[in-house]
């Protein structure tokens, strides 16, 4: 009877340990599922951002053709081209900063 009692006590102790491990594993699984959900949301947001950027890029008018080599530009034409290039560079820099901030937030 003592041997059976000791076995029962050992098995009860083992069962208690297994239940604690199961509870810890369940908590870990819940946290992992939550993280997966968060990452999926972030990924969806990034995919929307990329799609938006692609759409914006497709709608951006093609650059003006380069002037012929034999035609000299006037000061106003140079200034206009510089302004257009500056606008494009600023837009791209802004898009890059936005994507960088989104990636950094992850």
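Residue numbers (this note's numbering): 233 to 338.
Backbone N, C-alpha and C fix where the C-beta goes; we use that ideal spot for every residue, glycine too.
Note that this is a predicted model, so its numbers are computed, not measured.
Review point. Which whole-angstrom value describes the C-beta separation of residue 270 and residue 334, a residue pair presumed to lie in contact below a C-beta threshold of 8 Å?
Key: By a beta-carbon distance limit of 8 Å, residue 270 does not contact residue 334. Their separation comes to about 14 Å.
Review point. So, are the CB atoms of residue 278 and residue 328 less than 9 Å apart?
Key: No, these two residues do not count as a Cβ contact at 9 Å.
Exercise for review: Compute the distance between the beta-carbons of residue 325 and residue 274, then report whether it is under 9 Å.
Suggested key: Contact: no.
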